[in-house]
Structure formats: C-alpha cells, structure tokens
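Below is the structure:
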C-alpha cells in the first residue's frame, strides 16, 4: 500500500509539472543559448565566442559533445554541467552557474535512465538545443 501511495504522489507531481503540456524543443533553447552561452561558446557553439580569446581555458566546442561520448549525447551529464552540479571541480573562473535556468515551471524529463524527473523547463530547452547542434560522424 505504501508503494501505491508513493507512486500516486509521483504521478500527480509529474502531472503538476506540465502546466501547458508542451515539452520544450530545440528552438525554445536557442534563445537561451544566445543569451547565456554564445558570448563564450560562439553563436554556432564551436567555442569561438567574443570572450573565448580572453579566457585562460578556452570554451569547449559544444557541437562535438556527442562525438566525444561515443556517438551518444550524454543528457544527464550535460544537465549537471549546465545546472552547476558537475562544476565543483573546476579551478578558477570558468563557466558560470545559471540560476535563472532553474526558475520557472517543471517538465518531466528523461535524461536517459527511463525515469521522467521534474526538471526546470528552461534547462530542458537548453539541453534539447545542444543536442540538436551536434556534429555527425562522417563515414
């Protein structure tokens, strides 16, 4: 009985996350990328933004994430980098944390483990955009 109650609570929580029912798509994240990321990573995500030359450690080419990870886009890893959880080991000034991306409504997002988790809509939109700009391996 306890499991049924927990399952029902989780289902209701996810239902409450989807205020308008639409999941964010790549185009929703493009504007967020241009506002928050392009100054360092460049408008095309290749690491050649206006601030790139002034940085001690150059920004990564974000179009190569999938290729660097065995042709699979590592959703959970990328989410934790964007939201700041995976950046505690960076020394000196690096990628800032984007607290505003954590504001707003939540959507159920499956980062690859098969379990939709309530995640900030803006964070999902940015991750979807990053996934959409990935370079493809040429045969």
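In UniProt numbering, the protein residues as written are 1 to 139.
The beta-carbon is built from N, C-alpha and C at its ideal position, and this holds for glycine as well.
message = Counting only C-beta atoms, is residue 139 closer than 8 Å to chain C at any point?
response = No chain C appears in the structure shown, which is made up of a single protein chain.
ask   = Within this structure, are the beta carbons of residue 112 and residue 54 separated by less than 8 Å?
value = No.
key: Residues of its chain near residue 117, where Cβ-Cβ distance is below 8 Å and the 5 sequence neighbours each way are ignored   = Excluding residues within five positions, the ones whose Cβ falls inside 8 Å are 108, 109, 110, 111.
key: Backbone secondary structure at residue 57 - three-state DSSP   = coil
Helix, strand or coil at residue 63 according to DSSP, with G and I counted as helix = helix
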